[in-house]
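Below you'll find the structure, written out as structure tokens, and then a few comments.
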Amino acid sequence: MSDAATPTPSRTPDSGPAHRYTAALAEAIETRWQTWWDENRTFVQPNPGDPGFDGARPKFYCLDMFPYPSGAGLHVGHPEGYTATDIICRFRRMKGFNVLHPMGWDAYGLPAEQYAIQTGVHPAITTRRAIDTFRRQLKRFGFSYDWTREFATIDEDYYRWTQWIFLRLYNAWYDEERRTARPIDDLIAEFRAGTRPLRYNPKAAEYAHAPGVTANTIAGPWDSVDYETRRSIVDSYRLAYVSEQLVNWCPKLGTALANEEVIDGRSERGGYPVVRKPLRQWMMRITAYADRLIDDLAGLDWPESTRTQQAEWIGRSEGAEIDFPLLDPDKSITRTLRVYTTRPDTIFGATYMVIAPEHPLVATALEEARPETDIDAVEAYIARAKARTDVDRQADTKTKTGVFSGIMAVNPATGMEIPVWIADYVLMGYGHGAIMAVPAHDERDFEFARQFNLPIRDVVLSRIHWAMAYFAKNATDDERTGDTWSTHLADFLGLVTSTNAEPDHMPTLLARVRATRPVVGAAGGGGAGAGAGSGDAGVGKRGSTQGEWLETIASMGFASLDDLRNAFAEGTIVERFGIAYSGAGHAINSANAEVSLDGLSTADAKQRIIAWLDQKGIGRKKINYKLRDWLFSRQRYWGEPFPIVYDERGFHFPVHESKLPVTLPPLEDFKPEESEDPQPLLAKAKDWMRTTAAQVGVADLPADAIVRRETNTMPGWAGSCWYYLRYCDANNQSRFIGKPAESYWMTGRVATSHERPIPTPIGGVDLYIGGNEHAVLHLLYARFWHKVLFDLGDVSTPEPFQKLFHQGLITSYAYQRADKGLVAVDMVDNKGTEEKPRYIARDTGEEVTQITAKMSKSLKNVVNPDDVIADYGSDTFRLYEMYMGPLEASKPWNTRDITGLFRFLQRLWRLTVNEETGSLRLAPDTSADSNAHAQIEKLLHRTTAKVEQAIEKLSFNTGIAALIELVNAATSSVGAENGPGLTRAQLERLALILCPFAPHIAEELWSKLGHTSACSLAPWPAVDESMLRDSEVELPVQVQGKVRARITVPADADDAAVTAVALAEPKVAELLSGKPPKKVIVVKGRMVNIVL
RNA sequence: GCCGGAGUGGCGGAACUGGCAGACGCGACGGAUUCAAAAUCCGUUGGGGCUCACACCCCGUGCAGGUUCGAUUCCUGUCUCCGGCACCA
75 MSDAATPTPS RTPDSGPAHR YTAALAEAIE TRWQTWWDEN RTFVQPNPGD PGFDGARPKF
135 YCLDMFPYPS GAGLHVGHPE GYTATDIICR FRRMKGFNVL HPMGWDAYGL PAEQYAIQTG
195 VHPAITTRRA IDTFRRQLKR FGFSYDWTRE FATIDEDYYR WTQWIFLRLY NAWYDEERRT
255 ARPIDDLIAE FRAGTRPLRY NPKAAEYAHA PGVTANTIAG PWDSVDYETR RSIVDSYRLA
315 YVSEQLVNWC PKLGTALANE EVIDGRSERG GYPVVRKPLR QWMMRITAYA DRLIDDLAGL
375 DWPESTRTQQ AEWIGRSEGA EIDFPLLDPD KSITRTLRVY TTRPDTIFGA TYMVIAPEHP
435 LVATALEEAR PETDIDAVEA YIARAKARTD VDRQADTKTK TGVFSGIMAV NPATGMEIPV
495 WIADYVLMGY GHGAIMAVPA HDERDFEFAR QFNLPIRDVV LSRIHWAMAY FAKNATDDER
555 TGDTWSTHLA DFLGLVTSTN AEPDHMPTLL ARVRATRPVV GAAGGGGAGA GAGSGDAGVG
615 KRGSTQGEWL ETIASMGFAS LDDLRNAFAE GTIVERFGIA YSGAGHAINS ANAEVSLDGL
675 STADAKQRII AWLDQKGIGR KKINYKLRDW LFSRQRYWGE PFPIVYDERG FHFPVHESKL
735 PVTLPPLEDF KPEESEDPQP LLAKAKDWMR TTAAQVGVAD LPADAIVRRE TNTMPGWAGS
795 CWYYLRYCDA NNQSRFIGKP AESYWMTGRV ATSHERPIPT PIGGVDLYIG GNEHAVLHLL
855 YARFWHKVLF DLGDVSTPEP FQKLFHQGLI TSYAYQRADK GLVAVDMVDN KGTEEKPRYI
915 ARDTGEEVTQ ITAKMSKSLK NVVNPDDVIA DYGSDTFRLY EMYMGPLEAS KPWNTRDITG
975 LFRFLQRLWR LTVNEETGSL RLAPDTSADS NAHAQIEKLL HRTTAKVEQA IEKLSFNTGI
1035 AALIELVNAA TSSVGAENGP GLTRAQLERL ALILCPFAPH IAEELWSKLG HTSACSLAPW
1095 PAVDESMLRD SEVELPVQVQ GKVRARITVP ADADDAAVTA VALAEPKVAE LLSGKPPKKV
1155 IVVKGRMVNI VL
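Start counting the first sequence at 75; every next residue gets the next number (the numbering used here).
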């Protein structure tokens, strides 16, 4: 710990009164109430239909993010969010809500398995052990979870339903017209009836390059098509499907990883290298939901940053796809190259094309002899691109590499022949794996063009360039002569920028500039004074900006205005500047016999060119996404098995619902092989793998047909995709969630049928708190599953989580050398004072600076919650974590500060309990009339109101500050010597408003007050509004915005009365020195400001 | 590079919608209690000036401007730090 000086309170009260609030007493109180709550089932929340359920109460579903029970146990970061949700839940219960506040374990997945491998013990054992540790630690905090709803993803009772949901996805397809998922049987029925043409799913990426299949190939009537084709067509629509994919294979982990689990070409877990490898994998067609996943974000109460991150991850962009004709070796045109672009308006500037190294056209280039193709170079480049891992590929995005394919294309807008290059800066996975390169208006194309000397042609001008071009073209002889042209141009540009002028205003503006300058100024020689100070209002700040513009013009390096004009005419301005212009502007050099974009704004130019392309049949509007389908299989052991079997032909069949769960076989050897040649681990369980159609309930096969089970397992995300639903009805044996429970906890209504239209709010969980590390992955996957279940009628809301909140990271102190190297906390001494610390590294003796850093073992700054609770108790721990600062902010753990909250509880205890006898110290009710008690009474109402608001705003630190103020006031106004501070009625209410924050001490006081039922379930005290207002208020009196005096006036005094009192103040009168004030501003109940 | 968020005393932080900057806690300093210490309690505590003192004055919310009677809060520019994304055409 950073502060060895912090005193630790004695754990045994060997000195001092017997009933002092020490760590030992706190522990005794806390464990007593934790046991009491357990035994009395205080926080068990009945469901609709259960005995004791009160449907008249509003519901509040408050969820903590599913913890991963690691072997290391709880970390101080965990209880931060949990304490926050606990406070709100306790508050809501007291406010009369039915509160669903559950906890469970996300127990499958790589970390648990890696840990098991390290320790050599079976993951089931290590995971169960870790869960026990987590549960024990959590219980010690006194969180008000309904533990009867606890489960782990590894429970057969749970993953049975995870498999069931997988089958729901497997047996569903996305109907693009209706924008909803539907049962696959509907699709088959439509195919069979002929109401839907039998063809491959045009959106199915996995069939995009299937031989002989185009988007429009119709296979014919259902009955005329063979079984295999029918199957593969139907499969192309399934939301869960198998595909041979280039996946991120991590040899070290022995598994494929989702794109999201790969960071900078390395595995998110462990940081091992990842290579691209084709593998047969289960996929989830999340791309079908891309639009809805973006659109529905708008209705959610989520942090802006998280919504942005999700939207960017999905990456919707609007543009066009365009077919560029390709020249065959004999110069005829039989093929086209399709590209995607967001800037179709720049097509006149497309001077070359680029295809990804994996593009199918590469094979064409190699197969068809073209004298221009350097076959060796192309092959070498492709081989290199293939061998390059993503790490290398992303490491140097600065230098572009590529090779000419030998193929020429035709720019359909200009009619020019342009070369097709192969380069790895174009990615096969996005768009069509091919681009039209517009070097003048795309940074990457620009770099590439420079590298390989490809032509660069301006087709869009920014406002400034447009103005320059206009000036160059329209300058008078006088304006273009000698050196003065730059001065004149500078004046014009200054005016153009200050008025944000569009191109059609250029003539007017130029006329204005001419009107304000003596035309004979040519002799001035371009000095800075030429246009300055001419004082015309319309020209504005011309004088001050002229200098800057002159510099800009000089830096362009044009010898004369004619040079400048020529550069525009040739379209080489971008090249001259050496930087691509990728912003919006106005088109130039963009016209052919049929269409002209010249002068159009970028937005208008896009529309015009798309219309033209559309009419020619060579292009169309197109929306593209970065989001790709979700890779859903892993080759590891510790995950949910797929409910899928294969027959001898290799066709997949779903295991029948009645045969679920497909249990994980008990493997002895669960270590993955570190391999380039992937083999799922479950393939080792030979007996488990082999079964019969009857045993798994596949009716489409003969009962005794031998089938083998799928040996991949589901990814770690699977279990956390729907756990919030299971909590609603955790012990349901016949369904994944019962209808009444789902309807009540997700929508607040008890209903038995699926509800349409969409309820508001659109998400079911009322408050979801967790770290922002899950901003994209977990939250996106869970939303996707939820939407599928919604479409299929299994749940009532289109979104799972209405309100989301991220708690900040709890950091710790560490030390940093001048060379940025970090030094562990135990290697540093403070050789200075507290005020002026000088931190010295013990080994080198150099001075280091204190910084905040993530807690880590290597920095020795990890805080173990068990230790803190042992030293202070969990009430103090809870208060400290909530008092550190705003919940969403990341903040440093400072052990030294905990004592402040401990003292607060001690002061409260001493105020109300006789430390010698342990009995209550209460002021007699008759003393309630005294002035001191009246003041406490008023403060108590105000504190109650403040605490209530603070909890609603999740601003716990200010709520606790208010409680401290109340206790301090009660302690000092009545005081220990003058007798007890609070009456019974006052202490009751204090216990109640403290209860959400420090529930144990609150229960203890509550029971000492004679109550036999739980404080935690008692009604929240009412606030008397009249107690919140004072009859008199003190107002500051400002003169010219500075406080010069204070006045006390009745709270309801009108402005005139307040003004009179303020002006009568001697200090104010002195400053006015007899003159009447120009103006007096009275802000009711706030302040008075007098303007002289 | 792009997108978010944040810069306030020695430290963590507070300040409702533009209205008394620094609530509350820590630390520090002084005092009470104590044989002494711990614990506890009371007082002081943004910086500077001036005064015996009370009072009073000036400066102050990363930096430079602007709007306003009045700006931590709104606007423009700029610096720094943190988080996320990153060859997505």
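Glycine included, C-beta positions come from ideal geometry on N, C-alpha and C. Keep in mind it's a predicted model, so treat the numbers as computed, not measured.
Item                                                                                                        : Value
Span separating the alpha-carbon of L994 from that of R1058                                                 : 9 angstroms
P41 to A1131 span [Cα, whole Å]                                                                             : Outside the displayed span of the chain (75 to 1166) sits residue 41, for which this structure offers no information.
DSSP beta-bridge partners of F802                                                                           : One point to set straight first is that residue 802 is Cys, not Phe, in the sequence displayed. In DSSP, C802 forms no bridge with anything.
Per-residue DSSP class, three states only, for G600                                                         : Residue confidence is low: G600 scores 33 on pLDDT, short of 50, so the model does not pin down where it sits. Its coordinate-derived value is still stated next. Here G600 sits in coil by DSSP.
Contact under 8 angstroms by Cβ, R166 with F134                                                             : yes
Where the beta strand (DSSP E) containing F398 begins and where it ends                                     : 391 to 401
Boundaries (first-last residue) of the beta strand (DSSP E) holding A1119                                   : 1116 to 1124
Contained alpha helix (DSSP H) runs [length at least 4] in the segment 215 to 265, N- to C-terminal order   : 230 to 244
8 angstroms Cβ cutoff met for A1044 and D949                                                                : no
Where L1083 sits in the DSSP three-state scheme                                                             : coil
Sequence-distant residues of its chain with Cβ nearer than 6 angstroms to S794 (five each side left out)    : F140, D180, H852
Inside the segment 414 to 470 only - beta strand (DSSP E) runs reaching at least 3 residues                 : 426 to 429
Continuous alpha helix (DSSP H) stretch holding W859: start and end                                         : 851 to 865
Beta-carbon spacing of P418, I683 below 8 angstroms                                                         : yes
Residue burial classification, Y182 (beta-carbon count within 10 angstroms, cutoff 16)                      : buried
For Y346, three-class secondary structure by DSSP                                                           : coil
Contact check, P740 vs P728, beta carbons under 8 angstroms                                                 : no
Integer Cβ distance of D900 from K928, believed to fall under 8 angstroms                                   : 17 angstroms between Cβ atoms; not a contact.
Reduced DSSP category for G607 - H, G, I as helix; E, B as strand; rest coil                                : With a pLDDT of only 31 at G607, under 50, the local geometry of the prediction cannot be trusted, and the value read off the model is given with reservation. Correct three-state label for G607: coil.
Outcome for G268 when other beta-carbon atoms lying within 10 angstroms are tallied against a minimum of 16 : exposed
Range of the contiguous alpha helix (DSSP H) that encloses D636                                             : 635 to 644
Cβ-based burial, P1150 [other Cβ within 10 Å; buried from 16]                                               : exposed
Bridge partner(s) assigned by DSSP for E1106                                                                : P1124
Residues sharing a beta bridge with I843, DSSP                                                              : D138, F879
Local Cβ density within 10 Å of N663, reported as buried at 16 or more and exposed below that               : buried
E920 versus S886: straight-line alpha-carbon distance, rounded                                              : 21 angstroms
Inter-residue spacing [alpha-carbon to alpha-carbon] between E1106 and G812                                 : 58 angstroms
Inside the segment 719 to 804 only - beta strand (DSSP E) runs reaching at least 3 residues                 : 726 to 728, 764 to 766, 780 to 783
Local conformation of H660 per DSSP, three classes                                                          : strand
Reduced DSSP category for V321 - H, G, I as helix; E, B as strand; rest coil                                : strand
Selected residue, minimal CA-CA separation from Q1114, among I1155, G844, P1095, V1097                      : I1155
Secondary structure of N485, DSSP reduced to three states                                                   : coil
Three-state class that DSSP yields for D1098 in the structure shown                                         : coil
Continuous alpha helix (DSSP H) stretch holding G974: start and end                                         : 969 to 986
Cβ-Cβ distance between A642 and A508 below 8 angstroms                                                      : Residue identity check: residue 642 is Phe in the sequence provided, not Ala. No.
Buried/exposed call for L583, threshold 16 Cβ in 10 Å                                                       : buried
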